[in-house]
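Structure first, then comments.
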Amino acid sequence: MKKTAPSSPSGDMVWERIRLMERIVRPEILDRLPPESPEAMRARRELRRINRLMGNFAWFRREARRRVREFTRAVEIGAGDGTLGRLLYLDPKLRDKLVLTGLDRIGRPAAWPLPWEWRREDVREFAGWEDYPLVLANLVFHHFGAEDLRWIGRELDRSCRLLLAVEPARRELHLAELRLLRLCGLSRITYEDGRTSIHAGFLGGELVEALGLSAKHWKFDVEVTLLGAYRLVAERH
Numbered sequence: 000m001k002k003t004a005p006s007s008p009s010g011d012m013v014w015e016r017i018r019l020m021e022r023i024v025r026p027e028i029l030d031r032l033p034p035e036s037p038e039a040m041r042a043r044r045e046l047r048r049i050n051r052l053m054g055n056f057a058w059f060r061r062e063a064r065r066r067v068r069e070f071t072r073a074v075e076i077g078a079g080d081g082t083l084g085r086l087l088y089l090d091p092k093l094r095d096k097l098v099l100t101g102l103d104r105i106g107r108p109a110a111w112p113l114p115w116e117w118r119r120e121d122v123r124e125f126a127g128w129e130d131y132p133l134v135l136a137n138l139v140f141h142h143f144g145a146e147d148l149r150w151i152g153r154e155l156d157r158s159c160r161l162l163l164a165v166e167p168a169r170r171e172l173h174l175a176e177l178r179l180l181r182l183c184g185l186s187r188i189t190y191e192d193g194r195t196s197i198h199a200g201f202l203g204g205e206l207v208e209a210l211g212l213s214a215k216h217w218k219f220d221v222e223v224t225l226l227g228a229y230r231l232v233a234e235r236h
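Using numbering that gives the first Met the number 0, you'd call the opening residue of the sequence shown number 0 and step up by one each time.
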């Protein structure tokens, strides 16, 4: 009778960690709070700080400066409180070359630049993709499951020329970093939503594959940072 070697405890722990970090999409608390509630306002302030800590806003500005060489119409999906749009509008190197439309389910935020359009729509119902060769997405795609991502990818594939996206990187390191922020005073809501976001995040070529973008028509640059940002540049050939 053939004997089977007992499983290694350390090996079991490795596989358990891998299973824990499978991509799981769940609703976030902030999305269910009244926008003007004190809890929601605090969570949005903390999210802005986390964006700055991760370097997200600076990265979008840097990539836009580098890649927008002529007048371009762009849309920011999931534009939220308008912080990124305002940053780009105030950049003198971009103001004359970029017209950005904000797209979100919430109403126009006070921070959104007055000359720029705001559209109150769910991205899954948006029908104006063909007007925007440049698409920006900051911490948006991790909210969607496979079916929605594939639908968005088909729309991008029809008309988008350049996609700039930042998402959470799905690694245990970033869960540990989040725990440190909790010890430093991060609210329970932002902490729990942060965990949810990381578990719904991406690694490697996962976002490209989920969107269904083909290397035949696109070139991709993916970077994962030490502070948990998964950065994707997808540019059409």
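We put the beta carbon where it would ideally sit given N, CA and C, even for glycine.
List the DSSP bridge partners of residue 161.
For residue 161, which the question treats as bridged, DSSP gives the partners 133 and 234.
With which residues is residue 118 paired in a DSSP beta bridge?
BP columns for residue 118 point to 102.
With distance defined between alpha-carbon atoms, name the residue in 207, 211, 195 and 108 nearest to residue 174.
Comparing Cα positions, the closest option is 195.
Among 66, 158 and 31, which residue has its Cα nearest to the Cα of residue 104?
The candidate whose alpha carbon is nearest that of residue 104 is 31.
Are residue 152 and residue 211 touching if we call contact CB-CB under 8 angstroms?
For the pair residue 152 and residue 211, the CB atoms are nearer than the 8 angstroms cut-off.
Is there contact between the segment 73 to 92 and the segment 45 to 57, where contact requires at least three CB pairs shorter than 8 angstroms?
With contact defined as three or more Cβ pairs closer than 8 angstroms, the segment 73 to 92 and the segment 45 to 57 are in contact.
Which class does residue 57 belong to by DSSP, given the choice of helix, strand or coil?
It is helical.
Going by DSSP in three states, residue 166 sits in which element: helix, strand or coil?
Strand at residue 166.
When you compare only the Cα positions, how much space is there between residue 221 and residue 229?
When rounded, the distance between both Cα atoms is 7 angstroms.
Would residue 75 be called buried (16 or more neighbouring beta carbons within 10 Å of its own) or exposed?
That one is buried.
Just reading off the alpha helix (DSSP H) that residue 67 is part of, what are its end residues?
Note, residue 67: premise wrong, no alpha helix (DSSP H); not H, not E.
Beta-bridge pairing of residue 150 - partner residues as DSSP gives them:
In the DSSP output, where bridge partners are listed per residue, residue 150 has none listed.
Other residues of its chain near residue 52: CB distance less than 8 angstroms, five sequence neighbours each side excluded
The beta carbon of residue 52 sits closer than 8 angstroms to the beta carbons of 226 from its chain, once the five residues preceding and following it are set aside; these are given in chain order.
With respect to the alpha helix (DSSP H) encompassing residue 191, which residues constitute its N-terminal and C-terminal limits?
Run containing residue 191: 187 to 198, per the alpha helix (DSSP H) assignment.
Can you look up residue 49 in the DSSP assignment and give me helix, strand or coil?
DSSP, reduced to helix, strand and coil, places residue 49 within a helical segment of the structure shown.
Would a C-beta distance cut-off of 8 angstroms place residue 106 and residue 81 closer than the cut-off?
No, the Cβ-Cβ distance between residue 106 and residue 81 is not below 8 angstroms.
What did DSSP end up calling residue 217 once you bin it into helix, strand or coil?
Three-state DSSP puts residue 217 in a strand.
May I have the straight-line CA-CA distance separating residue 159 from residue 235, to the nearest angstrom?
Rounded to the nearest whole angstrom, the C-alpha separation of residue 159 and residue 235 is 8 angstroms.
Could you tell me the distance, in whole angstroms, from the CA atom of residue 23 to the CA atom of residue 198?
When the Cα atoms are used, residue 23 and residue 198 turn out to be separated by approximately 6 angstroms.
I need the DSSP call for residue 125, collapsed to helix, strand or coil.
The answer is coil: DSSP assigns residue 125 none of H, G, I, E or B.
Other residues of its chain near residue 38: CB distance less than 8 angstroms, five sequence neighbours each side excluded:
Around residue 38, the same chain offers 32, 186 and 188 as residues with beta carbons nearer than 8 angstroms, after the five sequence neighbours per side are excluded.
Inspect the beta-carbon positions of residue 240 and residue 155 and report whether they are closer than 8 angstroms.
Given that the chain is displayed from residue 0 to residue 236, the structure contains no residue 240 and the question cannot be resolved.
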